[in-house]
Each structure stands twice: as structure tokens, then as C-alpha cells.
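Everything below concerns the one structure shown next.
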Amino acid sequence: MIQSDPIAAIATPHGTGAIAVIRVSGTGIFPLLAKIWKGKNIDKMESHTAHLGEVVIPGGETLDQAVMTIFRGPRSFTGEDSAEIAVHGSKWIQNRLLSLLVETGIRPANPGEFSQRAFFNGRLDLTQAEAIADIIAADSRAAHSLAISQAKGQFSKKFNELRDKLIHLASLIELEVDFSEEDVEFVDRAELAKITREVKDTVDRLADTFADGQAFKNGIPVAITGAPNAGKSSLLNILLNDDKAIVSDIPGTTRDTIEDTAEINGILFRFIDTAGLRETSDTIERLGIQRTHAAIKKARIILNLTDISNPSNHCDIPADKPVIELLTKSDLLPDADSAKSRFNSHSDDDSGSGDDSGSNVIATLHISSRTGHNIEQLKTLLADFARSSHNPDTDLIITNQRHHHVLRSASASLSLVLTSLGYPLPTPATADSSHTSSDSHHILTESSATSVPTTPESIAFSVPTDLINSPVPTDLIALDLRDAIHHLATLTGAITTDDILASIFSSFCIGK
Ligand SMILES: Nc1nc2c(ncn2[C@@H]2O[C@H](COP(=O)(O)OP(=O)(O)OP(=O)(O)O)[C@@H](O)[C@H]2O)c(=O)[nH]1
Ligand SMILES: [Mg+2]
């Protein structure tokens with residue numbers, strides 16, 4: 001499984017550039033590189049030093065002047081002997097150098113193979129390796145700072161903390177299983193439930209950040225809605241700073257949703273321009289309006305536009321999500337009020353007007369796409385809104401589908417542990433207090449126990465007596481605890497399967 005044969009790849013983007021870097025790693029690379037290197041003897045180069053020399057085609061012809069940086073294992077990214085050769089970035093030079101390396105016996109690397117080796121050699125754990133792919137893909141400051149904190153091992157630290165707590169509990173429970181004949185209890189059930197609950201809460205909280213993580217990574221979806229001609233496409237274009245959508249004074253110009261991303265104050269937003277909402281018998285327009293409703297559904301926030309010169313054309317948005325009401329074309333009405341915000345005090349506050357009586361309206365703003373009036377205020381509102389739910393600079397936020405899935409699985413195992421302990425989970429509607437569960441999946445055994453365990457404070461719901469009184473099936477608890485530990489371990493790669501590794505590293509670019 002663990003390979004260390006020499007590999008090489010172009011690490012810089014395809015195409016012509018000032019400089020291109022070819023990366024080489026593996027056992028025995030230095031004598032192979034010496035065959036194409038004219039300059040300082042590679043054996044005499046110290047680790048982490050760069051040297052000017054020439055790449056030569058065997059036979060003596062110079063391919064290019066180059067800088068070779070060498071890293072001696074295990075103090076390298078991959079943990080192996082490695083080198084980076086920087087040459088001039090002509091496509092021909094890059095390809096010729098790669099083929100020269102192949103001729104010396106170094107094979108072209110697979111996607112992600114350098115990172116995979118770093119993982120196998122203990123230089124990174126899995127979440128850190130995945131973070132590298134995210135750093136490369138990050139196209140906003142928020143996505144970048146999430147990836148950086150993950151790369152620094154913040155996630156691994158949190159996951160390992162949780163796993164360690166469970167391992168401690170599991171070891172005590174396993175002891176009990178071993179001594180089951182003797183009827184000893186090594187760990188107080190109420191205490192066990194309390195800690196399990198704490199870990200589960202943290203796991204759930206982390207898993208719940210996934211939706212935000214996805215939004216920060218791919219752009220927070222913002223739907224631009226309103227009646228035909230309200231100025232939606234004009235607003236999209238000004239927010240994107242691009243002539244993306246066709247603008248015309250013919251109502252019904254936009255028939256399909258049009259979307260693109262733009263970064264505002266370091267946060268990526270995905271703006272979705274929609275077909276104007278109105279009654280219509282036109283089949284195509286109706287299909288477009290269906291898509292408008294779908295966009296409203298997937299949006300995190302809605303910009304609902306009303307043409308100030310035609311206020312009766314206001315559309316109510318039937319949504320249970322935040323709405324910013326925008327009164328457009330303010331240039332047609334020189335005294336239009338600027339802004340009013342119930343959301344925060346950042347926006348322009350000079351005697352705002354407009355209907356903000358709807359409970360989801362977080363702000364009302366006059367804007368003009370023609371003059372740019374209040375467009376900056378609108379951007380500030382959007383960025384503040386995004387940061388008010390999560391701060392990507394400081395919070396731990398899950399952005400990776402695999403992490404989300406694993407956390408959910410761990411949470412499910414922990415639920416089973418709690419149920420086995422006689423602390424079934426409250427249903428969400430009654431989670432605060434006085435919950436009585438009648439449909440627990442607890443495996444009941446003949447009950448003879450009499451004492452009721454003291455409910456830890458963190459488990460603030462009542463439990464049916466028949467569950468409380470049942471003897472705890474210790475081996476069952478041990479099994480579910482082990483499952484939860486297993487899931488958390490697959491997060492950082494302490495336990496891996498070939499399938500997981502294949503799917504993670506195959507999505508990397510070649511040369512990483
Ligand atoms: N004066 C003024 N006119 C504007 C402004 N914004 C848009 N318009 C004009 O209003 C008309 C409609 O603009 P669009 O952006 O196409 O409106 P829309 O909401 O996308 O319209 P549909 O796609 O038909 O639903 C065009 O003639 C624009 O030039 C503005 O801020 N001020
Ligand atoms: Mg339009």
C-alpha cells in the first residue's frame with residue numbers, strides 16, 4: 001500500500017508562465033536527478049537549500065537554467081527525499097523536463113500522490129490533507145481562512161479531544177464487560193450519560209455548521225426577486241460588476257435564473273437573478289417563475305425589489321427566510337430615503353422608509369443601479385448578515401461532505417448509547433424539559449432494578465421509569481461507543497479504508 005518509488009509532476013498551473021515548478025519525491029531520487037543536473041553536486045547540497053544550475057539532456061545539451069531546491073526526508077512535505085526544480089515556464093520546457101525525469105526512471109505522479117505520501121508518512125492527518133485541497137480551491141477570504149484553520153490541525157485537535165473522552169469511557173465499559181460475571185460497575189451510568197451527551201452535543205453542533213460551511217465555500221445563495229422590470233438584472237450586473245444578464249425595459253426579459261458569485265468583504269456570495277413574478281399564461285415564462293420559487297427556496301437571504309416608480313408592483317415573498325426589501329430606481333425620485341435596518345446599525349440610517357412590517361424583513365433600502373446609490377450599504381448589510389450567523393475567521397465550521405457524514409454517523413452511535421443507558425433523546429419539539437418518550441427503541445430486558453439514576457443536569461428531560469429501571473446492557477453500550485470512536489477516528493485518518501483514501505486523494509490536482 002505505502003509506495004515510495006520516485007514520482008514527479010508539474011506543480012504549477014498548466015500553460016505558459018514566468019516560472020514552472022516540477023516536483024520530485026521518493027526513495028533514491030538524488031542519483032537520478034544528478035543525471036540531468038549540471039551544477040553543484042546534489043549529494044553535497046544541504047536540506048532546504050536552493051541552487052542555481054542547469055538541467056541538461058543526457059549527452060550534454062542544456063534544456064534550461066534552473067533552480068533546484070532540495071528537501072531531505074523525513075523533513076519534507078512528503079516525508080521522503082524531495083526536490084523542486086524551477087525552470088522557465090514554457091510549456092515545451094516543462095514537458096521536456098518531465099519526460100527527461102521519466103527517462104531517468106521517475107514515474108509521473110497520480111493526482112494527490114504527494115499529499116497521500118505525506119499522510120502515510122505521518123506528516124499530515126486526513127483533515128489536514130483535505131484542507132490543502134481546499135486551500136488550493138479557495139476563492140474567497142472566508143473559504144481560505146476556513147481551510148487554513150483546518151490545515152493547521154484545528155479540526156483534528158477538536159476531533160481527537162472528543163475521541164479521547166469516548167476512549168476513556170469505552171475502556172471502563174470494556175472492563176465491565178470483561179468482569180460481567182462479577183456484577184461490578186466501573187463507571188457510574190449517570191456520569192457516562194452526561195459525558196456521552198456532552199460529546200454528542202459537540203458533534204451535533206459541528207455537524208450543524210455544515211450548511212454554513214457549504215455556503216461559505218460555494219457562495220452564500222442570495223435570490224434577487226420582484227416583479228418584471230423591477231431592476232433585478234440591473235442589480236445583478238452591478239453586484240457582479242459584469243454585464244452578465246440582459247437588461248431591457250420589456251417586462252419579462254429574464255426568463256431563466258442566472259447566477260454567479262462575487263466576493264464582498266471577504267465573503268463569497270452567489271447571486272441568483274430570477275424571472276419576474278407575475279400571473280402569466282405563457283408556458284415558458286411560467287416555467288421560469290417555477291425556477292424563481294426554487295431559487296427562493298435555496299437562498300439564504302432574499303433581495304426583494306420593488307420599482308419605486310411603480311410601487312403597486314410590490315411582490316410579497318412567501319418565504320421563511322430573511323428578506324431585504326429594495327426600493328429600486330431611486331434616481332427617479334431624488335428625495336428617496338436611504339436606508340433603514342432592523343438588522344444592525346451599520347447601514348445608512350437617515351430616516352428610512354418602506355414597508356418592513358413583514359417579520360422576515362431585516363432591512364429596507366432605496367437603491368439605484370444607475371447611480372450606484374446605496375449599493376455599498378447593501379453590500380455591507382449582506383456581509384454583516386453572513387457574519388452574524390457564523391464568523392469564518394474564528395469558528396470551527398465543517399465544509400467537507402465526508403466530515404459531515406462521519407459526524408452524523410458518530411452522533412447516531414452516541415444516540416444509541418444514550419438510549420441504552422435509559423436516556424433516550426428528546427424529540428426536538430420538547431427538547432427543553434419535561435419530555436416523556438413513549439417510542440424509544442431501547443432494548444428492554446426484564447427489569448428488577450429499583451434505584452432511579454440521578455439525571456445529570458445536562459440531560460434535562462425525564463425518562464420513563466420502565467427504561468430507567470432496566471439493567472443496562474453493558475456489551476451493547478460498549479459496541480455503540482466503539483462505533484462512535486471508530487467514526488471519529490476515520491475523520492482524522494487514524495482509521496482509514498482504501499475507499500476513503502482513494503476518494504479523497506483522487507480529487508486532488510496532480511503535483512499536490
Ligand atoms: N432609472 C433607473 N432605471 C433602472 C434602474 N435599474 C434598472 N432600470 C431600468 O429598468 C428596466 C428594467 O431593468 P431590468 O434590470 O431588466 O429589470 P428586471 O427586474 O431584471 O426585469 P425582468 O427581467 O423583465 O423581470 C431597464 O430599462 C433598466 O434600464 C435604476 O436604478 N434606475
Ligand atoms: Mg431581468
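In this text, residue positions in the sequence shown follow my numbering: the first is 1, and each later residue adds one.
For glycine and all other residues, C-beta sits at the position ideal for the given N, C-alpha and C.
| query | result |
| --- | --- |
| Indicate, with yes or no, if ligand 2 has a heavy atom lying under 7 Å from the CB of residue 273. | yes |
| Could you spell out the range, first to last residue, of the beta strand (DSSP E) harbouring residue 260? | 258-264 |
| What number of angstroms, rounded off, separates the C-alpha of residue 488 from the C-alpha of residue 278? | 50 Å |
| Look at the alpha carbon of residue 39 and the alpha carbon of residue 74, and state the distance between them as a whole number of angstroms. | 25 Å |
| Please return the same chain residues whose Cβ sits closer than 6 Å to the Cβ of residue 67, not counting the five positions on each side in sequence. | 50, 52, 86 |
| Measuring alpha carbon to alpha carbon, tell me which of 273, 214, 22, 117 ends up nearest residue 505. | 117 |
| So what's residue 273 in DSSP terms, helix, strand or just coil? | strand |
| Please say whether residue 378 and residue 367 have beta carbons closer to each other than 8 Å? | yes |
| Can you find the residues in the same chain that come closer than 7 Å, C-beta to C-beta, to residue 243, ignoring five residues on each side of it along the sequence? | 237 |
| Alpha carbon to alpha carbon, what distance is there between residue 262 and residue 513? | Lying before the first or after the last residue shown, residue 513 is absent from the chain, which here runs from 1 to 512. |
| What I want to know is whether the C-beta of residue 245 ends up closer than 7 Å to one or more non-hydrogen atoms of ligand 2. | yes |
| Label residue 18 either buried or exposed according to how many other C-beta atoms from any shown protein chain fall within 10 Å of its C-beta, with 16 as the threshold for buried. | exposed |
| At which residues does the alpha helix (DSSP H) containing residue 563 begin and terminate? | Because the chain is modelled from 1 through 512, residue 563 falls outside the range shown and cannot be assessed. |
| May I ask you to report which of helix, strand or coil DSSP gives residue 50? | strand |
| Where does residue 445 sit, in a helix, a strand or coil, going by DSSP? | Here residue 445 scores only 30 on pLDDT, less than 50, and its place in the model should not be relied on; the value that follows carries that caveat. Coil, per DSSP. |
| In terms of alpha-carbon separation, which member of 90, 81, 6, 206 lies closest to residue 402? | 206 |
| Suppose the cutoff is 7 Å on Cβ atoms and the five residues either side in sequence are ignored; what does the same chain contact list for residue 492 look like? | 125, 126, 127, 156, 159, 160 |
| Please list the terminal residues of the continuous alpha helix (DSSP H) segment that includes residue 360. | Premise fails: residue 360 is in no alpha helix (DSSP H) and is neither H nor E. |
| Please go through the segment 71-95 and give each complete alpha helix (DSSP H) segment of 4 or more residues, from N-terminal end onward. | none |
| Residues in the same chain with beta-carbon distance under 7 Å from residue 404, minus the five sequence neighbours each way, listed in chain order, please. | 207, 210, 398 |
| Taking residue 307 as part of the beta strand (DSSP E), name the residues at either end of that continuous run. | 301-307 |
| Go ahead and label residue 32 buried or exposed: buried means 16 or more other beta carbons lie within 10 angstroms of its beta carbon, across all protein chains shown. | buried |
| Looking at the unbroken beta strand (DSSP E) that takes in residue 221, where does it start and where does it end? | 220-226 |
| Is it true that the CB of residue 29 sits closer than 8 Å to the CB of residue 512? | no |
| I'd like the span of the alpha helix (DSSP H) that includes residue 234, first residue to last. | 232-240 |
| So, helix, strand or coil for residue 213, using DSSP? | helix |
| Look at the Cβ atom of residue 303, then the Cβ atom of residue 361, and state whether they are nearer than 8 Å. | no |
| If we count Cβ pairs, one from each stretch, closer than 8 Å, do we get three or more for the segment 136-153 versus the segment 96-106? | no |
| Per DSSP, which residues does residue 7 bridge with? Please list them. | 25, 107 |
| Return the residue from the list 34, 149, 46 that minimises the CA-CA distance to residue 54. | 34 |
| Which residue wins for smallest C-alpha separation from residue 318, given the options 332, 121, 301, 310? | 301 |
| Rounded to whole angstroms, what is the Cα-Cα separation between residue 91 and residue 285? | 48 Å |
| To the nearest whole angstrom, what separates the beta carbons of residue 273 and residue 257, a pair I think is in contact under 8 Å? | 7 Å |
| Whose CA, out of 297, 266, 369, lies closest to the CA of residue 327? | 369 |
| Where do the N-terminal and C-terminal ends of the beta strand (DSSP E) with residue 326 fall, by residue? | 323-328 |
| Would you report the Cα separation of residue 172 and residue 162, rounded to the nearest angstrom? | 16 Å |
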